[in-house]
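Using our numbering, the letters of the sequence shown map in sequence onto residues 211 to 382.
Just so you know, even glycine gets a beta-carbon here, dropped at the ideal spot from N, CA and C.
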Amino acid sequence: MTTDTETLLAGVRQWAHENEVEVDAVEDTQIAVVLPGEKKLKTTVSITISARTVQLQAFVIRHPDENAEEFNRWLLIKNMRPGPVSFGIDTLGDVYLGASVPRGRLLEELDSLLGAILAIADSSFNELLLIGFLTGMKKEWAWRVSRGESTRNLAAFEDVLSGPDNEFLEQA
């Protein structure tokens with residue numbers, strides 16, 4: 211099997227075309243695909259080809275506003291599960307998913323790797339929001355309600371944000 215960089219990039223572009231997935235950026239050794247999700251609406255996966263391996267990396271969520279210890283503990287516990295994809299944080303504490311595969315195996319494993327990255331990013335997103343951003347979400351909900359604004363973007367959290375535990379809501 212040919213593993214030259216152009217063949218790998220063409221294979222990723224072909225996969226994206228067949229799966230109706232947007233190709234966001236292309237460089238000499240890097241390509242990015244944008245995967246549609248349900249909870250996390252878009253997950254952009256950067257695929258970087260190096261001499262022996264290919265690294266896949268996707269931004270999941272920025273560093274938490276609160277509960278950093280619980281937030282990072284949750285990530286570490288999730289990293290204990292078997293599989294090719296793991297969580298990592300950058301120097302700012304922003305959260306990424308990463309995977310690595312030998313160059314010669316990228317195209318045969320691409321679908322399963324991208325599927326795993328998307329599934330983990332999507333299934334983790336709301337829980338990470340609740341752990342690391344609950345106070346900000348409560349404030350946003352209360353502000354929107356007080357102004358008669360739409361709360362549609364927070365609808366998944368309505369049961370947590372609209373009740374008596376939201377200290378930012380005006381109590382009648």
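Item checked: One or two residues paired with L444 in a DSSP bridge -> A query on residue 444 cannot be resolved here, the shown segment of the chain reaching from 211 to 382 and no further.
Item checked: Span of the beta strand (DSSP E) around E232 -> By 1-based counting over the sequence shown, the position of residue 232 is 22. Counting along the chain, E232 sits inside the beta strand (DSSP E) bounded by residues 232–236.
Item checked: Same chain, Cβ closer than 6 Å to W225, neighbours up to 5 away in sequence not counted -> Within the sequence shown, the letter at position 15 stands for residue 225. Cβ within range, chain order: L320.
Note to self: Only counting the same chain, and skipping five residues up and downstream in sequence, which positions put a Cβ closer than 8 Å to that of I299?
What the structure shows: Counted from its first residue, the sequence shown places residue 299 at position 89. Result list for I299: H273, N282, L285, V305, Y306, in chain order.
Note to self: Helix, strand or coil, according to DSSP, for L302 in the structure here?
What the structure shows: Numbered from 1 along the sequence shown, position 92 holds the residue referred to as residue 302. Here DSSP, grouped into helix, strand and coil, assigns L302 to coil.
Item checked: Inter-residue CB distance, S356 and E377 (contact presumed, cutoff 8 Å) -> Translated into positions along the sequence shown, residue 356 becomes position 146. Translated into positions along the sequence shown, residue 377 becomes position 167. Not quite, the Cβ-Cβ distance comes to about 14 Å (not below 8 Å), so this is no contact.
Check: Can you pull the DSSP bridge partners for G308?
Finding: The residue you call residue 308 lines up with position 98 of the sequence shown. Answer by DSSP bridge pairing, in chain order: Q267, S296.
Next item on the list: Could you say if the segment 238–256 and the segment 286–293 meet the contact criterion of at least three C-beta pairs nearer than 8 Å?
Entry: no
Next item on the list: Give a yes or no on whether the C-beta atoms belonging to T258 and Q265 are separated by under 9 Å.
Entry: Within the sequence shown, numbered from 1, the residue matching residue 258 stands at position 48. Within the sequence shown, numbered from 1, the residue matching residue 265 stands at position 55. Taking 9 Å as the Cβ cut-off, T258 and Q265 qualify as a contacting pair.
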